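Asker: Numbering (my numbering), first residue to last: 4 to 516.
1) Can you tell me whether residue 63 is buried or exposed, with buried defined as 16 or more other CB within 10 angstroms of its CB?
2) Is there contact between the stretch 290 to 300 and the stretch 207 to 225, where contact requires at least three CB pairs shorter than 8 Å?
3) Mind checking if residue 273 is an interface residue toward chain C, Cβ cutoff 8 Å exclusive?
4) Once the 5 residues before and after residue 426 are set aside, which same chain residues still bring their CB inside 6 Å of it?
5) Under 7 Å Cβ to Cβ from residue 34, same chain only, skipping five residues before and after it: list those, please.
6) Determine the contact status of residue 216 and residue 183, defining contact as a CB-CB distance below 8 Å.
7) Taking one C-beta from the stretch 87 to 99 and one from the stretch 50 to 61 each time, how about it: are there three or more such pairs within less than 8 Å?
8) Excluding sequence positions up to five away, which residues of its chain have a Cβ less than 6 Å from the Cβ of residue 159?
9) For residue 244, report the span of its beta strand (DSSP E) as first-last.
10) Which residues in the same chain as residue 74 place their Cβ atom closer than 7 Å to its Cβ, once the five residues preceding and following it in sequence are excluded?
11) Under a Cβ-count criterion, where at least 16 other Cβ atoms within 10 Å of its own Cβ denotes burial, should residue 213 be classed as buried or exposed?
12) According to DSSP, simplified to helix, strand and coil, what is residue 75?
13) Looking at the structure shown, is residue 114 part of a helix, part of a strand, or coil, going by DSSP?
14) Express the C-alpha separation of residue 429 and residue 502 in angstroms, rounding to a whole number.
15) Mapping the DSSP letters down to three states, classify residue 24 as helix, strand or coil.
16) Which value, in whole angstroms, describes the spacing of the CA atoms of residue 23 and residue 44?
17) Could you pull the DSSP bridge partners for residue 37 from this structure?
18) Would residue 117 be called buried (16 or more neighbouring beta carbons within 10 Å of its own) or exposed?
19) Do residue 86 and residue 140 have their C-beta atoms closer together than 8 Å?
20) So, with DSSP's three-state summary, where would you put residue 250?
21) What is the residue span of the beta strand (DSSP E) that residue 2 lies within?
22) What would DSSP say about residue 526, mapped onto helix, strand or coil?
23) Just to confirm before moving on: does the CB-CB distance between residue 354 and residue 376 stay below 8 Å?
24) With H, G and I counted as helix, E and B as strand and the rest as coil, what does DSSP make of residue 365?
25) Would residue 261 be called buried (16 or more neighbouring beta carbons within 10 Å of its own) or exposed?
26) How many Å lie between residue 211 and residue 238 at the Cα?
27) Alpha carbons only, please: which of 112, 104, 366 and 233 is nearest the one belonging to residue 55?
28) Would you report the Cα separation of residue 303 and residue 278, rounded to the nearest angstrom?
This is how it looks when you write it as structure tokens:
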């Protein structure tokens with residue numbers, strides 16, 4: 004093929020692809036069609052008028068449009084208008100394809116006679132029960148139109164059982180609607196149970212339609228579960244006077260709003276959390292939280308960590324030590340008795356100490372229960388209080404910060420050194436930091452809990468290196484994340500101090516030497 008004909012050939016291929024795509028698009032749209040006919044009748048001429056059906060129909064039409072339905076809305080329909088709308092709905096559904104969804108919603112008067120349900124047009128006039136099939140519209144007419152379309156999913160919703168307007172006519176004294184026998188692939192929902200009467204409600208909408216409109220947009224909820232939620236709400240709203248009813252012969256799963264597909268990142272995070280969760284390893288959970296403190300599984304991870312540590316952490320033991328597998332007991336090892344649950348007086352005393360937060364309070368607990376269940380916790384708190392107490396002994400005071408005239412030019416100008424080495428004092432920040440090297444700092448204890456809600460026994464007086472397994476190589480990997488994260492990463496607090504994090508970034512920049 005010559006160079007001159009190659010671009011022409013590529014253009015022909017592209018044009019053919021576009022033609023094929025344009026031909027397939029209508030088919031795809033047709034396969035996913037959602038068609039709805041919504042009817043609301045309330046201004047009856049010869050029987051009791053209803054206040055809410057038109058409002059209900061408008062609300063339902065708007066709600067259905069929001070979830071992807073093409074809606075035909077008719078209100079205050081006379082008999083010929085109602086029949087014509089149902090017929091036109093059937094024609095559209097038959098032309099929409101096998102995968103289309105059809106939905107019929109009706110709000111207004113509905114009655115049953117000899118087990119057959121009828122929807123009443125606003126111009127109905129009836130003197131004898133035998134004439135009902137001549138002036139009413141049988142609900143089965145809608146089902147026949149749907150069945151003729153041979154589509155897989157059809158939904159019929161009837162909010163039509165408010166009262167019987169023909170109670171004075173013989174053979175028309177039944178309340179509510181009869182249960183409809185629908186063809187396969189149909190979901191039928193009634194505003195109340197067969198034979199019962201639904202309340203009209205005190206607001207602009209009926210309790211049933213108002214609840215349905217609220218739940219319709221919930222993503223990822225199967226239709227059966229959605230109408231169950233509606234039923235629960237209506238029962239509560241009406242004080243148990245009305246129980247919505249539904250019956251289904253669906254053969255496919257249907258959701259008004261499909262669940263949002265997770266992103267690859269969300270899938271990866273879920274898989275990582277499931278792996279950590281199954282490990283039952285407090286170190287793995289701790290590292291997961293440190294790497295992903297704000298992810299959607301963080302609360303579950305914190306709860307799991309607290310549970311694991313409550314079961315495995317011994318007094319004075321680090322998280323890493325607790326995670327080590329226990330050695331098999333020897334045959335000569337005597338069985339230890341089960342720990343005794345602390346008596347209430349001991350619990351009260353440790354709680355008083357916690358609330359007071361003073362050395363005297365914790366010492367009072369230890370005096371009363373030197374070997375109590377909370378003795379180790381009390382000793383740790385007492386040691387922390389004593390370590391944090393101000394000292395007046397000049398020999399014990401921390402060294403003074405580096406004087407400005409003795410700082411190197413780069414520290415004096417910017418507040419940060421030009422280089423940072425692993426085994427050399429930082430020379431910046433608070434005296435406790437400035438006089439120590441990175442290697443020395445990581446053997447110290449955090450200044451505050453590295454994870455919100457972490458029990459004191461897990462971090463106070465514990466070296467951070469125990470949890471991180473820090474050595475020069477592993478710490479370098481973490482330091483590089485501070486370097487790559489820029490100001491946002493450096494702005495977050497660090498359990499060993501913000502200056503330490505900044506120093507790590509400089510150290511990583513220079514190759515972690």
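For every residue, glycine included, the Cβ atom is placed at its ideal position computed from N, Cα and C. It should be emphasised that the depicted structure is a prediction, and the values quoted were computed from it without experimental measurement.
Answerer: Taking the coordinates as given:
1) Here residue 63 is taken as the residue at index 60 of the chain shown, counted from 1. Per the 10 Å Cβ criterion, buried.
2) no
3) No chain C is present in this structure, which holds just one protein chain.
4) Translated into positions along the chain shown, residue 426 becomes position 423. Excluding sequence neighbours, residue 426 sits near 440 and 442.
5) Here residue 34 is taken as the residue at index 31 of the chain shown, counted from 1. Any answer about residue 34 is weak, because its pLDDT of 43 lies below 50 and its placement is not dependable; what the coordinates show is given next. The residues are 100 and 102.
6) Position 213 of the chain shown, counted from the start, is the residue given in the question as residue 216. Position 180 of the chain shown, counted from the start, is the residue given in the question as residue 183. Not in contact: residue 216 and residue 183 (Cβ atoms no closer than 8 Å).
7) no
8) Mapped onto the chain shown, residue 159 falls at position 156. Excluding sequence neighbours, residue 159 sits near 107 and 191.
9) The count along the chain shown starts at 1 and reaches residue 244 at position 241. No beta strand (DSSP E) holds residue 244; DSSP gives it neither H nor E.
10) To locate residue 74, count along the chain shown from 1; it is residue 71. Closer than 7 Å at Cβ, skipping near neighbours: 39, 41, 64, 67 and 68.
11) Taking the first residue of the chain shown as position 1, residue 213 is located at position 210. The residue in question, residue 213, is buried, as its Cβ has 16 or more Cβ neighbours within 10 Å.
12) Looking up residue 75 in the chain shown gives position 72. The answer is strand: DSSP assigns residue 75 an E or B state.
13) Along the chain shown, read from residue 1 onward, the residue named residue 114 stands at position 111. Strand.
14) Reading the chain shown from its first residue, position 499 is the one you call residue 502. Reading the chain shown from its first residue, position 426 is the one you call residue 429. Each residue's Cα considered, the two are about 9 Å apart.
15) The sequence position of residue 24 within the chain shown is 21, counting from 1. Here the model assigns residue 24 a pLDDT of 43, short of 50, so the residue's position is not dependable, and the following value carries that caveat. Correct three-state label for residue 24: helix.
16) As a first step, residue 23 must be located in the chain shown, where it is residue number 20. As a first step, residue 44 must be located in the chain shown, where it is residue number 41. Bear in mind that a pLDDT of 43 at residue 23, under 50, signals an unreliable position, so the number given afterwards is only what the model happens to contain. Approximately 46 Å between the Cα atoms of the pair.
17) For the purposes of this step, residue 37 is taken as the residue at position 34 of the chain shown. According to DSSP, which records beta bridges pairwise, residue 37 is partnered with 104.
18) Here residue 117 is taken as the residue at index 114 of the chain shown, counted from 1. Answer is exposed; the Cβ neighbour count stays below 16.
19) Along the chain shown, one-based indexing puts residue 86 at 83. Along the chain shown, one-based indexing puts residue 140 at 137. Going by C-beta atoms, residue 86 is nearer than 8 Å to residue 140.
20) Here residue 250 corresponds to residue number 247 of the chain shown, with the count starting at 1. Note: residue 250 maps to strand in three-state DSSP.
21) What the structure shows of the chain is the stretch from 4 to 516, and residue 2 is not part of that stretch, so it cannot be assessed.
22) This structure does not reach residue 526, given that the chain is present from 4 up to 516, and the question cannot be answered.
23) Stepping through the chain shown from its first residue, residue 354 is reached at position 351. Stepping through the chain shown from its first residue, residue 376 is reached at position 373. No, they are not a contact pair.
24) Reading the chain shown from its first residue, position 362 is the one you call residue 365. It is helical.
25) Taking the first residue of the chain shown as 1, we reach residue 261 at position 258. Classification for residue 261: exposed.
26) The sequence position of residue 211 within the chain shown is 208, counting from 1. The sequence position of residue 238 within the chain shown is 235, counting from 1. Each residue's alpha carbon lies about 9 Å from the other.
27) Within the chain shown, the letter at position 52 stands for residue 55. Minimum Cα distance to residue 55 is reached at 112.
28) For the purposes of this step, residue 303 is taken as residue 300 along the chain shown, with counting starting at 1. For the purposes of this step, residue 278 is taken as residue 275 along the chain shown, with counting starting at 1. If I take the Cα positions, the gap works out to 13 Å.
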